[in-house]
Amino acid sequence: PFDSSKLQVFGNAAAGHDGVLSDESGAIVVKPCTAAEISFYETVASSHPDLLPHLPIFMGQLSLDSASDVSEDTGTIQTSDGTTERLHGKKLATDLHIVLENITHGFKKPNILDLKLGAQLWDDNAKPEKRARLDKVSAETTSGSLGFRIAGMRTWLGASPPEVPEELREYVELDKEGGYWAYNKMYGRKFSAEDIDEGFNAFFPQKSEAEKARAREVLAYFLGEVKDIQEVFEAKESRMYSASILLVYEGDVDEYENTKKVLRSARPETEDEEDEDETVPKLAAAKLIDFAHATFVAGKGPDENALKGMRSTATILKRLLDKAEKDA
Ligand code: ADP
Ligand code: MN
């Protein structure tokens, strides 16, 4: 049980709609959601236990009226063609919220990458206007060519982060106090299949040898996880439109090194010794999120639309890992 009046704006959202909240401890996120998203998590819990390791822990649902709303609008940007775009989707107009494990909990300075899956980004309920709009974005981005695109990203660049260079200013907001560069949703839209590695490389700032070693380890970990996710979904009859792979790793390289030592020396605890409130430090995490438009469809075969994006992601991670190992 927790006090919903103490929910605060979740500062570690990499993409998506406004309105994601977190509790005081930071262990959970509370997110406005569709009924379909709750159903999806419930169906996973009852019928697809093999998916559980790849999703945030589902803790239930909450009704929060807008009066207790602590979120704020995060504004708009002027795009190069002169139109105005919201930086984030508008907060869903719903009281229905989902309570989930916060994937970024346990990290000191999480680097976060949201990869939005699918060339088709709409489900059967979408109106023609929405289908046309999303089909256009897909055709103009790697959503169409690779089956996924970078939807948003946050990277920690140290206590005194560098200024954002001129050519990136329309895509990146500097969070000076936090030490972060926050990449908006237009950033990932500029890539093609030919230059997509640049986006992934920006997720792995690596000047020092320690950062390079960390990148190799984390790339290998992400590759393994994404392949596992791909394999379980190859055996499922699901349809997920605009779900995401969320990749997170420890952005503070000293903390990363330290956590490795802590985890190495930590002896397995017995059940009753375990302190439930203790936060286990993490090195990296890769989970599937965002099931606003996801269902299971018996008899229809695997979700090739989402699988294409998973396979492309694995191919890119493998290419970057091979290169990193060759350069080492
Ligand atoms: P939508 O895109 O519909 O707004 P998402 O489920 O994709 O909703 O959530 C938006 C963002 O919030 C994601 O890009 C991610 O950074 C963050 N987020 C969502 N769920 C979690 C979670 N369980 N743990 C950590 N971060 C999350
Ligand atoms: Mn999303």
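Position one of the sequence shown corresponds to residue 61 (the working numbering), numbered consecutively onward.
Using N, Cα and C, we set each Cβ at its ideal position, and we do this for glycine too.
Since we're looking at a predicted model, the values are computed, not measured.
Across the set K250, E285, N365, K272, the C-alpha of N365 shows the shortest separation from the C-alpha of M300. Taking a contact as a CB-CB distance under 8 Å, the pair I172 and R214 counts as one, their CB atoms being some 5 Å apart. A344 sits close to V278, with the two beta carbons spaced by under 7 Å. With a cutoff of 7 Å on beta-carbon distance, L181 and L160 are scored as not near each other.
Within the model, the alpha-carbon separation for V69 versus T103 is close to 28 Å. Close CB contacts of V322 within its chain, under the 8 Å cut and outside five residues either way in sequence, are with P341 (chain order). Beta-bridge pairing by DSSP links F118 to L160. When DSSP states are grouped into helix, strand and coil, F208 belongs to the strand group.
At a Cβ-Cβ threshold of 7 Å, V357 and D110 do not count as neighbours. Here A73 has V80 as same chain residues with Cβ atoms under 7 Å from its own Cβ, once five neighbours each way along the sequence are excluded. For I163, the shortest C-beta to heavy atom distance toward ligand 1 is below 6 Å. The shortest C-alpha to C-alpha distance from S372 to any of V313, D387, P113, I289 is the one to I289. For A179, same chain residues with a beta-carbon under 7 Å away, outside a window of 5 residues either side, are S198, S203, G204, G207, N365, K368 in chain order. Separation of F351 and K383 (C-alpha to C-alpha, rounded to the nearest whole angstrom) is 33 Å. Contact between K150 and D78 is confirmed by a C-beta separation of about 7 Å, below the 8 Å threshold.
At least one heavy atom of ligand 2 falls within 6 Å of the beta-carbon of S304. In this structure, the C-beta of A352 approaches ligand 1 to less than 6 Å from one of its heavy atoms.
Taking the Cα positions, D125 is about 42 Å away from A275. In its chain, beyond the 5 residues on either side, F351, A354 have a beta carbon closer than 6 Å to the beta carbon of F100.
Per DSSP, the continuous beta strand (DSSP E) segment holding E233 begins and ends at 232-235. Here V313 has S268, A270, E271, R274 as same chain residues with Cβ atoms under 8 Å from its own Cβ, once five neighbours each way along the sequence are excluded.
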